[in-house]
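So the sequence shown is numbered by this note's numbering: it starts at 1179 and just counts up by one.
First comes the structure, then the notes that go with it.
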Amino acid sequence: MNTHTKEWQELADIKAELAERDWFMGTSGNLSIREPKSPFFYITASGKDKRKQSDSDFLLVDLKGKPVEDTNLRPSAETLLHTDIYRKTNANCVLHVHTVENNVISELYGDEGQVSFRNHEIIKATGRWDEDSELRIPIIYNHADIPLLSDKFKPHVEGDSGAVLIRNHGITVWGKSGLEAKRILEVCEFLFQYQLLLNQQKAFAGSIR
Ligand SMILES: CSCCC(=O)C(=O)COP(=O)(O)O
Ligand SMILES: [Zn+2]
């Protein structure tokens, strides 16, 4: 392996961890991290099997999503959503994964435009420490046209950390550090699994009454 920056290596480590969870089915998913003291960020190359590790996993792009170095690699097809976040916030890492659970939740609650969680200890891991804290995740329509998707996504990018579900597509989360982004992603996926199991148990209990 070549020598890479600290951020490149951090993103590679996050990618390996998410791959271990099997969160990159069918080449889906994209990840990025800001290169400090520069207007650039590293992002996954498009269309690759993100479970595999190589020196050409990431390329450096500017805040318009254009490569800043000579490369044959294409930035993620969803780079625009990453640039939306880096332009609007001080976030330093963006993670996007497709899981069965985030897809089913987005479909179940898509008509409501959001899914909310309350009274879960794990919400504290997102920095919400009050007893009645709520974690609200907006759900947007999965426009195939990425500039249009970006237009619908942008209004939900409000702080330096957050999460948005794209209906029957996946989740995009961001945080001030790789650690924070990963924590938010794990909390969301935990809550999605919880909600689906709870709904299932309630339906089963209802059916045997
Ligand atoms: C293969 S899933 C369709 C594209 C997608 O949603 C995704 O997350 C991966 O696209 P990329 O260009 O980043 O590989
Ligand atoms: Zn995607």
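Glycine included, every Cβ here is placed at the ideal spot set by N, Cα and C.
Inset, instruction - Thinking K1266 and V1335 are a contact (beta carbons under 8 Å), I'd like their distance in whole angstroms, please. - result: At roughly 5 Å, the Cβ-Cβ gap stays under 8 Å, so K1266 and V1335 are in contact.
Inset, instruction - Identify every residue that forms a DSSP beta bridge with H1276. - result: DSSP lists F1202 as the bridge partner or partners of H1276.
Legend entry - Start and end residues, beta strand (DSSP E) containing E1299: Looking at the DSSP string, E1299 is not in any beta strand (DSSP E), and its letter there is neither H nor E.
Legend entry - C-alpha gap between Q1371 and E1279, whole angstroms: Roughly 6 Å separates the two Cα atoms.
Inset, instruction - Answer yes or no: the CB of G1348 versus the heavy atoms of ligand 2, is any distance below 7 Å? - result: Answer for G1348: yes, Cβ within range of ligand 2.
Inset, instruction - Measuring alpha carbon to alpha carbon, tell me which of T1350, G1288 and C1271 ends up nearest L1357. - result: The residue with the shortest Cα to Cα distance from L1357 is C1271.
Legend entry - Buried versus exposed call for R1387 [16 or more other C-beta atoms within 10 Å across all chains shown]: Burial state of R1387 is exposed, judged by a 10 Å Cβ sphere holding fewer than 16 other Cβ atoms.
Legend entry - Beta carbon of S1224 nearer than 8 Å to that of P1253: In this structure, the beta-carbon distance from S1224 to P1253 falls below 8 Å.
Inset, instruction - Mind the definition here: the stretch 1281–1295 touches the stretch 1237–1244 only if three or more C-beta pairs lie below 8 Å; say whether that holds. - result: Cβ pair count under 8 Å is below three, so no.
Inset, instruction - Could you work out which residue in I1211, D1200 and M1203 is closest to E1185 when comparing CA atoms only? - result: When each option's Cα is compared against that of E1185, the closest is I1211.
Inset, instruction - From the DSSP output, in three-state form, read off V1246 for me. - result: Note: V1246 maps to coil in three-state DSSP.
Inset, instruction - Measure from the alpha carbon of K1330 to the alpha carbon of each residue in G1337, D1338 and N1320, then state which is nearest. - result: Comparing C-alpha distances from K1330 to each of G1337, D1338 and N1320 shows the shortest one belongs to N1320.
Legend entry - Which of helix, strand or coil DSSP assigns to Y1319: DSSP places Y1319 in coil when its eight states are reduced to three.
Inset, instruction - Identify whether S1210 lies in helix, strand or coil by the three-state DSSP scheme. - result: Here S1210 sits in strand by DSSP.
Inset, instruction - Measure the C-alpha to C-alpha separation of D1338 and D1235 and round it to an integer number of angstroms. - result: One Cα belongs to D1338, the other to D1235, and the distance between them is close to 25 Å.
Inset, instruction - Grab me the residues of S1355's own chain with a C-beta within less than 7 Å of its C-beta, minus the 5 sequence neighbours each way, in chain order. - result: Cβ neighbours of S1355 beyond the five flanking positions: N1270 and C1271.
Legend entry - Residue interval of the alpha helix (DSSP H) (run including F1236): Per DSSP, F1236 belongs to no alpha helix (DSSP H); it is in the beta strand (DSSP E), F1236 to V1239.
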